[in-house]
Amino acid sequence: MKAQCLNIISMDNYPAKRVADGLLLIFPLKGITEIQHFITNIEVENDLFIINNSEIFTIKRNEQAIKLYIASDWFYDRGYDFFAYQYTSNLIRSSNALFQSILSLAQHQLNQTLTEALFESYMNNIVDIIASEAKVDIKYLKQQTDYSFYGITGEMLDYVNNHLDKKLTLKEIANEFFISQSNISTQFYNTLGMSFKTYIDTLKLSTSISSLLKGKSTISEVSDYYGFSSSAIYSKKFKHYFGYSPKDYRLLSKLDKSFPFTAEDYNTSTIAEIQNIIAKRLNKLNVQNNYICIDLHHTNESTNDTIVIQIHSIEEFHNLFANKSMSYLFEGTQKVIVYCMIDPRKLQETFMDESYGFINFVYHANVDLAFQITSSDDVNIYIDQIYSQYQAYLQAHPGLSDKHMHSVSYIFNVESMSIKEIYRNIIKIQQYREYVKFGIDITHLFNNPECFKLMEKQMKRIGFDYFFIDNHKLTSPYLSEDHEDLLTKQVFKFSNIKKIMNDMELEERAYFLLNVHNNYLLNDDNMEIIESPPLLMGMFKQMREYFTGVGIDLFQQQDEKIALYLYDQKGFRSVLGNMYERIMEKMRYEVKDFEYYTIVNQPEKISILVNDWRIGESETAESEPQNIQIHLNFKDKAMRRPYIVFYEKINSTFGNINGIIAPALRIEHTWSDELISKIDDYNKPHFSVMQHDFEEEHLTIDLNYNTVHIIDIYKN
């Protein structure tokens, strides 16, 4: 038999289309397939891309790829409620089994050995994996596209989505947005690759199929619900786009349904080439699902891993060095900056007070210090008062020297000081002391990019060591007005911030993002990001792509804009505080990041950090039970031998103070330092030690929801 729903596509590009009544799978066989998915360009190579029901796409670049259409009937026949979910390949971890079924299906089709039984078997395997691993409940899917970045076109798209029950015409949209009809037509075609009319018609029709197939509504009722002027018009347009009337379409079987693509004929040599590619891909596939291959040959030194610890008060500063339990914060010395955001007048009062011990800490701390400067008066206080006291301290201790002190930086603010004033103060500071660095808070320029461009050359000439962006002071967090309606992974693409960075040509400089927000999960108001170890690990991984470092609070602040923090208001260590040492550990050694795990090669051990990927897609504390196992082994067979293995689990139960003492109870009472320390000793990740022989078998772990698993394999 020949499966109508399966094709090998090899043209360079294909025009914009909308998927209806099912999913479209694109699986490149050769080279990169570049897909414009709605308004985002995505490059796919050695992976699978899923285009959901009602979504539009354009193939902009292609060599050879498998195109597989799966009608909704395949899901319903297996007991899955297809239209209740959307599907993303990012969630799939049985990818090898899925790839094997797709490749085998294509191989049998090309070899002309495909039978109906084989076809059903492969399709059912594919559907079962996608339905069980790739689904995201539609009720959790708020708008995941940041329309604000696309200007007026984005506003029009948002309007269309919210008015599908209305008769949407070009004239109506033009009147709504005060734009000419020709302008709208041009914008739609240039942005989406299809006309306004085609976009509206196909969106309404594809969305209506769910109601049509359920059979609970008449064709006339479906037509009315989606804003068609009559059932006759609905039926006419339906037949134009799908080749069948709505009545006849209801009667089609899953084998009758296909997705229209340009038919392609292949000669014998081309078929042989494709068969050879598929055979090689099948041979390379490891049929073991969810397999982590530990390969130490391609690890690299970690970069962009600086943590900025934000200090807001004298009390916090004193706690930082007086509390011995916080000494772990400075183990990653060269990649930790303590940013003192304190009025220098308050700092001046206590700087030389021996009971506070600031002067001793500033000199001996194994950490870089940065001080906030908002005016020339601040500089005068640091030079005339604080620095003079510091010099007196050095003179009283002949064995001490300025050059042996760890780095000190001064961070100016371009909103409160002109660039000329900043430059004069830099010269002034340099006359008094050496071994100092300078940074600048450029948040104001991100809020006003037109000013940024005017000051670009001046900032380059001065040569600042740091560029700070304060997330709390941006016009909207991450410059994304819709950030509260987006998944965390979408927010941390930093599309608007990144665009300004690129335009300013300062990308090679050291950008630091301060005050990373601690929001509630998108689909669960009972859990914050700081309670999700996988989201935290994913955030830090994504931020490393764009920023040299990120800023978090030492203590939880009481204002409305809450940043991530290491300790809550009462001094209890947060989940992030419990993960901090592991995050810092990654900064000092060679690492290799993969999609859902990281390998860290250390002198005495190999660490593998495995993230649960499901919470990143659903962002809800609750999940349907899924028995997913991860299997680990060394690529180098010579390394497969017995090892001592330390195994940690960090999740909302292990390492989360909220699982021990409710937040309201912590706030209500006063807790002594001794009691806090004792409770923190209990508030640790789950930990166990074992011996495992990798020559005998893989190491297998059960992947728990909302959990980071850390496996330390000791070399000796």
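Following UniProt numbering, the numbering of the sequence shown begins with 1 at its first residue and continues without gaps.
We put the CB at the ideal spot given by N, CA and C, even for glycine.
Along the length of the region 538-588, whole beta strand (DSSP E) runs at least 3 residues long occupy 549-555, 565-567, reported in chain order. The criterion of a C-beta distance shorter than 8 Å is satisfied by Ser211 and Tyr225. The DSSP-derived three-state label of Ile615 is helix. Per DSSP, the continuous beta strand (DSSP E) segment holding Val338 begins and ends at 336-340. Exposed is the label assigned to His669, since fewer than 16 other Cβ atoms lie within 10 Å of its Cβ. Cβ contact annotation for Ile530 (same chain, cutoff 8 Å, sequence separation greater than five): Asn518, Leu536, Leu564, Tyr565, Ser574, Val575, Leu576, in chain order. In terms of Cβ geometry, Pro534 and Asn611 form a close pair [threshold 8 Å]. By the C-beta criterion, the region 598-606 is judged not to be in contact with the region 253-273, since fewer than 3 inter-stretch pairs fall below 8 Å. Taking a C-beta distance under 8 Å as the contact criterion, Ile386 and Val379 do not qualify as a contact pair. Scanning its chain for C-beta atoms nearer than 6 Å, with the 5 sequence neighbours on each side dropped, one finds around Arg18 the residues Ile56, Thr202, Ser206, in chain order. Taking Tyr435 as reference, the option from Pro449, Asp465, Met417 with the minimal CA-CA separation is Asp465. Beta-bridge partners assigned by DSSP to His698: none are found. Annotation: the continuous beta strand (DSSP E) that includes Ile26 extends over 22-30. For Phe49, the enclosing beta strand (DSSP E) begins and ends at 49-51. When secondary structure is reduced to three states using DSSP, His312 falls in the coil class, being assigned neither helix nor strand. Of all C-beta pairs linking the region 689-696 to the region 636-653, three or more are shorter than 8 Å, placing the two stretches in contact.
Taking 3 residues as the shortest admissible run, the region 75-116 contains the following complete beta strand (DSSP E) segments, listed from N- to C-terminal end: 85-87. When C-beta atoms of the region 217-231 are compared with those of the region 151-169, three or more pairs fall below 8 Å, so the two segments count as touching. In the pairwise beta carbon analysis, the region 61-71 is classified as touching the region 21-39: at least three pairs are separated by under 8 Å.
Secondary structure note for Cys293: it is in no alpha helix (DSSP H), and the uninterrupted beta strand (DSSP E) holding it is 291-294.
Nearest neighbour of Ile294 by Cα position, chosen from Gln181, Trp613, Lys592, Phe646, turns out to be Lys592. About 18 Å separates the CB atoms of Phe27 and Ala71; that is not less than 8 Å, and the two are not in contact. Leu48 is positioned such that its CB atom lies closer than 8 Å to that of Leu25.
Residue burial is scored here from C-beta neighbours: Ser532 has at least 16 other C-beta atoms within 10 angstroms and is therefore classed as buried. For Phe687, the number of other beta carbons within 10 angstroms of its own is below 16, and it is reported as exposed.
Residue environment analysis places Lys135 among the buried positions, since at least 16 neighbouring C-beta atoms fall within 10 angstroms of its C-beta. In the same chain as Tyr520, and ignoring 5 residues on each side of it, the C-beta atoms closer than 6 Å to its own belong to Glu528, in chain order.
Counting C-beta pairs with one atom in each stretch, the region 306-322 and the region 547-560 have three or more that are closer than 8 Å, which means they touch. The beta carbons of Arg614 and Leu91 sit closer together than 8 Å. Bounds of the beta strand (DSSP E) holding His686 are 686-693. One alpha carbon belongs to Ala3, the other to Tyr80, and they sit about 22 Å apart. According to the DSSP assignment, Asp525 belongs to the beta strand (DSSP E) that extends over 524-528.
Counting of Cβ neighbours within 10 angstroms places Pro260 among the exposed residues, the total staying below 16.
With respect to Thr488, Glu622 sits apart: the two C-beta atoms are not nearer than 8 Å.
For a cut-off of 8 Å, the C-beta gap from Gln542 to Gln558 is around 28 Å, too long to register as a contact. Of all alpha-carbon atoms in Lys684, Ile661, Ile628, Ser10, the one lying nearest the alpha-carbon of Asn651 is that of Lys684.
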